[in-house]
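In full-length UniProt numbering, the protein residues as written are 1 to 89. Beta carbons: idealized from backbone N, C-alpha and C, even for Gly. This one's a predicted model, so the numbers in the text were calculated from it and none came from an experiment.
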């Protein structure tokens, strides 16, 4: 619901190459316990739109995971725009 409101407010055309990013960094997702213990992995469940990204803490709390949801045709442009070697070993 919040995401839909934001997308409507932003009024970003479908033809745009923009990627909207949001940060869930420092949200205590890994501290939640519904009776089965704390989760070992957390990620966004569903995505209502393409060209969205979400930054989250990793499970150990010492890094950030980036989830980016793109249309297939936009992946090569995104890969070209980023230097993935910065994030790898």
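Look at the Cβ atom of residue i, then the Cβ atom of residue j, and state whether they are nearer than 8 Å.
{"i": "residue 30", "j": "residue 19", "result": "no"}
Which residues in the same chain have their Cβ closer than 8 Å to the Cβ of residue i, if we skip the five residues on either side of it in sequence?
{"i": "residue 1", "result": "Bear in mind that the predicted position of residue 1 carries a pLDDT of just 48, short of 50, making it unreliable; the figure below should be weighed with that in mind. Cβ neighbours of residue 1 beyond the five flanking positions: none."}
{"i": "residue 76", "result": "none"}
Can you have a look at residue i and say buried or exposed, based on whether 16 or more other CB atoms are within 10 angstroms of its CB?
{"i": "residue 52", "result": "buried"}
What residue range does the alpha helix (DSSP H) around residue i cover?
{"i": "residue 75", "result": "75–81"}
Between which residues of its own chain and residue i is the CB-CB distance below 6 Å, once the five residues before and five after are set aside?
{"i": "residue 58", "result": "65"}
Starting from residue i, trace the beta strand (DSSP E) in both directions and tell me its first and last residue.
{"i": "residue 18", "result": "Premise fails: residue 18 is in no beta strand (DSSP E) and is neither H nor E."}
{"i": "residue 67", "result": "64–69"}
{"i": "residue 58", "result": "Careful: residue 58 lies outside any beta strand (DSSP E) and carries neither H nor E."}
To the nearest angstrom, how far is it from the Cα of residue i to the Cα of residue j?
{"i": "residue 62", "j": "residue 26", "result": "11 Å"}
{"i": "residue 68", "j": "residue 28", "result": "21 Å"}
{"i": "residue 21", "j": "residue 54", "result": "6 Å"}
Please decide whether residue i counts as near chain D, where near means a Cβ-Cβ distance under 8 Å.
{"i": "residue 64", "result": "The structure shown contains no chain D; it is built from a single protein chain."}
Answer yes or no: the CB of residue i versus the heavy atoms of the ligand MG, is any distance below 7 Å?
{"i": "residue 28", "result": "Annotation note on the ligand MG: not contained in the displayed structure, which lists no ligands."}
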